[in-house]
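Peer 1: Pasting in a structure now, in structure tokens, and then I'll have a few things to ask.
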Amino acid sequence: MNKIIKYVIADILRNKIMVIYTGFLLAASFSVFSLEDNTSKGLLSLLNIILIVVPLVSIIFSTIYMYNSVEFIELLVSQPLKRRTIWLSLFTGLASSLSIAFFIGAGIPVLLYQANWIGYTMVFSGIILSIIFAAIAFLATVKMRDKAKGIGAAIMLWLYFSLLFDGLVLFLLFQFADYPLEKPMIALSTLNPIDLSRILILLQLDVSAMMGYTGAVFKDFFGTSTGLIFSFFVLLTWIIIPVWYSTKKFNSKDL
Amino acid sequence: MGGHAEMRYFYFMIFCILNANASANTIYAGAKRTHKNIRSAIIAASNGDTVVVDAGIYNEQNLIVDKSIVLKGIGLPVLDGERKYEIISIKANHTVIDGFKLIHSGISSLEDLSGIKVYDSQYVVIRNNILEDTFFGIYIQNGLNCIIENNTLKAISIEEQQSGNGIHCWKGDSLKIIGNIILGHRDGIYFEFVKNSVIWRNISKNNIRYGLHFMFSNDDMYVNNVFRNNGSGVSVMYSNRIKMFSNYFEENWGDAAHGILLKEISDGYMEGNYFTKNTSAIFMEGANRIQMKRNVFENNGWALKIQASCVDVVLEYNNFIGNTFDVGTNGSLVLNQFKNNYWDKYEGYDLNKDKIGDIPYRPVSMYSMIVEKYPTAMILFRSFITTLLDKTEKILPSLTPENLKDSTPMMNKAF
Numbered sequence: 000m001n002k003i004i005k006y007v008i009a010d011i012l013r014n015k016i017m018v019i020y021t022g023f024l025l026a027a028s029f030s031v032f033s034l035e036d037n038t039s040k041g042l043l044s045l046l047n048i049i050l051i052v053v054p055l056v057s058i059i060f061s062t063i064y065m066y067n068s069v070e071f072i073e074l075l076v077s078q079p080l081k082r083r084t085i086w087l088s089l090f091t092g093l094a095s096s097l098s099i100a101f102f103i104g105a106g107i108p109v110l111l112y113q114a115n116w117i118g119y120t121m122v123f124s125g126i127i128l129s130i131i132f133a134a135i136a137f138l139a140t141v142k143m144r145d146k147a148k149g150i151g152a153a154i155m156l157w158l159y160f161s162l163l164f165d166g167l168v169l170f171l172l173f174q175f176a177d178y179p180l181e182k183p184m185i186a187l188s189t190l191n192p193i194d195l196s197r198i199l200i201l202l203q204l205d206v207s208a209m210m211g212y213t214g215a216v217f218k219d220f221f222g223t224s225t226g227l228i229f230s231f232f233v234l235l236t237w238i239i240i241p242v243w244y245s246t247k248k249f250n251s252k253d254l
Numbered sequence: 000m001g002g003h004a005e006m007r008y009f010y011f012m013i014f015c016i017l018n019a020n021a022s023a024n025t026i027y028a029g030a031k032r033t034h035k036n037i038r039s040a041i042i043a044a045s046n047g048d049t050v051v052v053d054a055g056i057y058n059e060q061n062l063i064v065d066k067s068i069v070l071k072g073i074g075l076p077v078l079d080g081e082r083k084y085e086i087i088s089i090k091a092n093h094t095v096i097d098g099f100k101l102i103h104s105g106i107s108s109l110e111d112l113s114g115i116k117v118y119d120s121q122y123v124v125i126r127n128n129i130l131e132d133t134f135f136g137i138y139i140q141n142g143l144n145c146i147i148e149n150n151t152l153k154a155i156s157i158e159e160q161q162s163g164n165g166i167h168c169w170k171g172d173s174l175k176i177i178g179n180i181i182l183g184h185r186d187g188i189y190f191e192f193v194k195n196s197v198i199w200r201n202i203s204k205n206n207i208r209y210g211l212h213f214m215f216s217n218d219d220m221y222v223n224n225v226f227r228n229n230g231s232g233v234s235v236m237y238s239n240r241i242k243m244f245s246n247y248f249e250e251n252w253g254d255a256a257h258g259i260l261l262k263e264i265s266d267g268y269m270e271g272n273y274f275t276k277n278t279s280a281i282f283m284e285g286a287n288r289i290q291m292k293r294n295v296f297e298n299n300g301w302a303l304k305i306q307a308s309c310v311d312v313v314l315e316y317n318n319f320i321g322n323t324f325d326v327g328t329n330g331s332l333v334l335n336q337f338k339n340n341y342w343d344k345y346e347g348y349d350l351n352k353d354k355i356g357d358i359p360y361r362p363v364s365m366y367s368m369i370v371e372k373y374p375t376a377m378i379l380f381r382s383f384i385t386t387l388l389d390k391t392e393k394i395l396p397s398l399t400p401e402n403l404k405d406s407t408p409m410m411n412k413a414f
């Protein structure tokens, strides 16, 4: 298992796209911090990168990588190895190399300029979003045999999580405006890892605006240690369920 | 010879001063003096005398000062109200209360028991006192030309009902409230029917309701005060011609908390104030002809909530920095003016280099309108979809008021 993980990491880190991605993150975060005169504005620009670019790159890159390594996977399956081991090592390799790329590209600048809770939350959210979207990509690839269909599905999933889901939330808000929606909103936010990470980061960033009644309800929940542990487990579930389901599918998949 | 004449004149002056002093006696009160308590010292005194009180604890019940005397404490003598009495009642003009520590006044909503209460008097000076655990702190009921200076007031109550105001002025003219520190009262400073007065260099913080509460008080001015972390910030209502200079409004957090609430205010003038970290820095309702110049709004939730009922409010040369929302409003009618302000969210350009942006800035965003209507939408704050909505709204304004704009936004900070 370790050998496969090592091989996958070495393979991906040498990949041109991954190098460009790391370079882009590095350039973006350093320029954001050095160009803006107040760091909180820089953090906000970086927030957009973490919430939009990181999931997009993670999901698309993972999907393409999986489709490109079909022959490699077939080769591995012909060896005396459990399918579960192969699939999980591939996932571990891919997820850790994406996380490493993010950590080098955005994590180090953030920790250099903002070594506080805001910074830690941002780095943590970026890494966990990289892993979650790799997991979702695995789900997409195991479900679709056709490469074009698979990549299309990945793009649709990204669009759903970063845009359509929020549109749906907004729609629900308008429809049920007469009801107290604070608590259902908390429940709803757990259905989207991007929203959840955004709220976690914002609770550290924009205190004043969040301190209104609604903000207070959110802060009462997400700001407490129970809320933090809860959101951590929700994010973990977002990794575990797609990985578990795709492993199950891969076990019985006709290659 | 001329020198001799000057000396004679000097002696005459000295004689005059001594003579003037001769009519005013100093009476001492204290454990080792003839007058063991302050009450008997006051009875012995006549108008113009000074009563000096030694350090110690005095249970005077309700001490009534009905003569024009100077009551001076040496080494902070303590007056204990035993949680039953109003501690000092002043019922004479030209009285001075200086250097006492007043503790444990009674609590009564019927009588408004206070640490020091001034009844219908003029030229009263209350300075250098410490008030702890009093219901109302210093209460001026129909006062003229009174000075309240350098006092520290600290209440310990938790509930609004069990707590009175720090400095409470009901009906008055030409009062001066200077350099006081007020903590934990219901309202830090309360003005009702008070005219031509000055509130200067006070610190009012951690009060249960308002740091400063103004009602029906015209022609007053407040300068260089700090209002921090009060239950609902500062509230100025139903008053005309109020001037506010260089005050600090900080950390007033909560849904109903405002840095300052301006309700039914006319002809006000605000300059050089700092609004930092408030949920909403200014909330304006029914305000008319207000001038706001060179104020700084920094890191607030809303810098300005201006209801459609406001008319002729002029904002110029203000700095808006790091606020979550710059301006919020509730309607499409705009009868106010924004000009030459600096907005850190401004994305325009300046081709002719006159330091004024060439395209107008619209401080009301689509998303702030949505949040105003549906507060729960706060959960979508800074999400991709709201950014997208804001951008489209900027290009084609449909929901946000068309006229609410700064046509001459500054490219750099206004000052």
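Quick mapping for you: the protein sequence lines, in order, are chains X and P. Just so you know, numbering that gives the first Met the number 0 puts 34 at position 35 of the first sequence, and the rest follows in order with no gaps. Just so you know, numbering that gives the first Met the number 0 puts 92 at position 93 of the second sequence, and the rest follows in order with no gaps. Backbone N, C-alpha and C fix where the C-beta goes; we use that ideal spot for every residue, glycine too.
Quick one: using the 10 Å Cβ neighbour count with 16 as the cut-off for buried, is residue 21(P) buried or exposed?
Peer 2: Start at 1 with the first residue of the second sequence, and residue 21(P) comes out as number 22. Its pLDDT being 48, under 50, residue 21(P) is placed unreliably by the model, and the measurement read from it follows with that caveat. Classification of residue 21(P): exposed, given that the 10 Å Cβ count is below 16.
Peer 1: Using CA coordinates, which residue listed in 237(X), 19(X), 51(X) is at the minimum distance from residue 162(X)?
Peer 2: The residue given as residue 162(X) occupies position 163 in the first sequence. The shortest C-alpha separation from residue 162(X) is found at 51(X).
Peer 1: Let me know the secondary structure DSSP gives residue 391(P) once reduced to three states.
Peer 2: The residue you call residue 391(P) lines up with position 392 of the second sequence. Residue 391(P): helix per DSSP, three-state reduction.
Peer 1: Closer than 8 Å by C-beta to residue 30(P): which residues in its own chain qualify, once you throw out the five before and the five after it? Chain order, please.
Peer 2: For the purposes of this step, residue 30(P) is taken as residue 31 along the second sequence, with counting starting at 1. The answer, listed in chain order, is 53, 55.
Peer 1: Report back the beta-carbon spacing between residue 190(P) and residue 216(P) to the nearest angstrom; my notes put them in contact at under 8 Å.
Peer 2: As a working note, residue 190(P) is residue 191 in the second sequence. As a working note, residue 216(P) is residue 217 in the second sequence. Correct: roughly 4 Å between the Cβ atoms.
Peer 1: Under 6 Å Cβ to Cβ from residue 100(X), same chain only, skipping five residues before and after it: list those, please.
Peer 2: Within the first sequence, residue 100(X) is the residue found at index 101, counting from 1. So the qualifying residues of the chain are 17, 20, 21.
Peer 1: Within 10 angstroms of the Cβ of residue 366(P), are there 16 or more other Cβ atoms? Answer buried if so, exposed if not.
Peer 2: Along the second sequence, one-based indexing puts residue 366(P) at 367. Looking at its Cβ environment, which holds 16 or more other Cβ atoms inside 10 Å, residue 366(P) is buried.
Peer 1: Let me check understanding here. Comparing Cα to Cα, which of 112(X), 126(X), 122(X) lies closest to residue 97(X)?
Peer 2: To locate residue 97(X), count along the first sequence from 1; it is residue 98. When each option's Cα is compared against that of residue 97(X), the closest is 126(X).
Peer 1: Of all the options 227(X), 177(X), 216(X), which has the alpha carbon lying nearest to the alpha carbon of residue 195(X)?
Peer 2: Stepping through the first sequence from its first residue, residue 195(X) is reached at position 196. When only C-alpha atoms are compared, the closest one is 227(X).
Peer 1: Can you tell me which of the three DSSP states residue 190(P) falls into?
Peer 2: Position 191 of the second sequence, counted from the start, is the residue given in the question as residue 190(P). Looking at residue 190(P) - three-state DSSP - the assignment turns out to be strand.
Peer 1: Just the Cα atoms here: how many angstroms apart are residue 197(X) and residue 127(P)?
Peer 2: Position 198 of the first sequence holds residue 197(X). Position 128 of the second sequence holds residue 127(P). For residue 197(X) and residue 127(P), the distance between alpha carbons rounds to 51 Å.
Peer 1: Where does residue 247(X) fall in DSSP's three states?
Peer 2: Numbered from 1 along the first sequence, position 248 holds the residue referred to as residue 247(X). Residue 247(X): helix per DSSP, three-state reduction.
Peer 1: Using 7 Å as the limit for Cβ to Cβ distance, is residue 254(P) near chain X?
Peer 2: The residue given as residue 254(P) occupies position 255 in the second sequence. For residue 254(P), the answer is yes, since a Cβ of chain X falls inside 7 Å of its Cβ.
Peer 1: Flag this pair as yes or no: are the beta carbons of residue 375(P) and residue 172(X) separated by less than 7 Å?
Peer 2: In the second sequence, the residue the question calls residue 375(P) occupies position 376. In the first sequence, the residue the question calls residue 172(X) occupies position 173. A contact, by the Cβ cut-off of 7 Å.
Peer 1: In this structure, does DSSP put residue 235(P) in helix, strand or coil?
Peer 2: By 1-based counting over the second sequence, the position of residue 235(P) is 236. DSSP places residue 235(P) in strand when its eight states are reduced to three.
Peer 1: Does the count of Cβ pairs from the region 70 to 79 of chain P and the region 91 to 99 of chain P closer than 8 Å reach three?
Peer 2: A contact exists between the region 70 to 79 of chain P and the region 91 to 99 of chain P.
Peer 1: Using CA atoms only, rank isn't needed, just tell me which of 296(P), 282(P), 300(P), 248(P) is closest to residue 307(P).
Peer 2: Locating residue 307(P) in the second sequence gives position 308, where the first residue counts as 1. Taking only the C-alpha atoms, the option nearest residue 307(P) is 282(P).
Peer 1: What would DSSP say about residue 33(P), mapped onto helix, strand or coil?
Peer 2: Here the question's residue 33(P) lines up with position 34 in the second sequence. DSSP places residue 33(P) in coil when its eight states are reduced to three.
Peer 1: Once DSSP output is grouped into helix, strand and coil, what is the label at residue 17(X)?
Peer 2: Here residue 17(X) refers to the residue found at position 18 of the first sequence. Three-state result, residue 17(X): helix.
Peer 1: Expressed to the nearest angstrom, what Euclidean distance is found between the alpha-carbon atoms of residue 399(P) and residue 92(X)?
Peer 2: Translated into the one-based positions of the second sequence, residue 399(P) becomes position 400. Translated into the one-based positions of the first sequence, residue 92(X) becomes position 93. Taking the straight line from one Cα to the other gives about 49 Å.
Peer 1: From what residue to what residue does the alpha helix (DSSP H) around residue 73(X) run?
Peer 2: Against the first sequence, residue 73(X) aligns to sequence position 74. That run of the alpha helix (DSSP H) goes 69 to 77.
Peer 1: In chain P, which residues lie with their C-beta within 7 Å of the C-beta of residue 213(X)?
Peer 2: Taking the first residue of the first sequence as 1, we reach residue 213(X) at position 214. The contacting residues are 374, 375, 377.
Peer 1: At least one CB of chain X closer than 7 Å to the CB of residue 382(P): is that the case?
Peer 2: Taking the second sequence and counting its residues from 1, the one referred to as residue 382(P) is at position 383. Yes, its Cβ sits closer than 7 Å to a Cβ of chain X.
Peer 1: Have a look at the DSSP bridge pairing and note the partners of residue 399(P).
Peer 2: Locating residue 399(P) in the second sequence gives position 400, counting from the first residue. Paired residue(s): none; residue 399(P) is not in a bridge.
Peer 1: Does the distance from the C-beta atom of residue 258(P) to that of residue 232(P) stay below 7 Å?
Peer 2: Translated into positions along the second sequence, residue 258(P) becomes position 259. Translated into positions along the second sequence, residue 232(P) becomes position 233. Result yes, Cβ atoms of residue 258(P) and residue 232(P) sit closer than 7 Å.
Peer 1: Identify which residue in 202(X), 232(X), 236(X), 213(X) has its Cα closest to the Cα of residue 221(X).
Peer 2: Reading the first sequence from its first residue, position 222 is the one you call residue 221(X). When each option's Cα is compared against that of residue 221(X), the closest is 202(X).
Peer 1: Looking only at its chain, what residues have a beta carbon closer than 6 Å to the beta carbon of residue 379(P), apart from the 5 residues adjacent to it on each side?
Peer 2: Counting from 1 along the second sequence, the entry for residue 379(P) is found at position 380. Excluding residues within five positions, the ones whose Cβ falls inside 6 Å are 385.
Peer 1: Tell me which residue opens and which closes the beta strand (DSSP E) that residue 372(P) is part of.
Peer 2: Against the second sequence, residue 372(P) aligns to sequence position 373. Taken as a continuous stretch (DSSP letters only), residue 372(P) belongs to no beta strand (DSSP E), being part of the alpha helix (DSSP H) at 365 to 372.
Peer 1: Could you give the DSSP three-state label for residue 279(P): helix, strand or coil?
Peer 2: Locating residue 279(P) in the second sequence gives position 280, counting from the first residue. Strand.
Peer 1: Would residue 238(X) and residue 157(X) be called neighbours here (beta carbons separated by less than 7 Å)?
Peer 2: Your numbering for residue 238(X) matches position 239 in the first sequence. Your numbering for residue 157(X) matches position 158 in the first sequence. It is not a contact, given that the beta carbons lie outside the stated cut-off.
Peer 1: Give me the Cα-Cα distance between residue 64(P) and residue 268(P), rounded to the nearest whole angstrom.
Peer 2: Taking the first residue of the second sequence as position 1, residue 64(P) is located at position 65. Taking the first residue of the second sequence as position 1, residue 268(P) is located at position 269. Going by the C-alpha atoms only, they are around 39 Å apart.
Peer 1: Mind pulling the chain X residues with CB within less than 7 Å of residue 347(P)?
Peer 2: Residue 347(P) sits at position 348 when you count from the first residue of the second sequence. Neighbours of residue 347(P) on chain X: none; closest Cβ ~17 Å, over 7 Å.
Peer 1: Tell me the DSSP secondary structure of residue 235(X) in three-state form.
Peer 2: The residue given as residue 235(X) occupies position 236 in the first sequence. Residue 235(X): helix per DSSP, three-state reduction.
Peer 1: Going by alpha carbons, who is nearest to residue 418(P) out of 105(P), 160(P), 361(P)?
Peer 2: This structure does not reach residue 418(P), given that chain P is present from 0 up to 414, and the question cannot be answered.
Peer 1: Along the region 149 to 169 of chain X, what residues have a CB closer than 8 Å to any CB found in chain P?
Peer 2: Per Cβ criterion, the list reads 161, 162, 165, 166, 168, 169.
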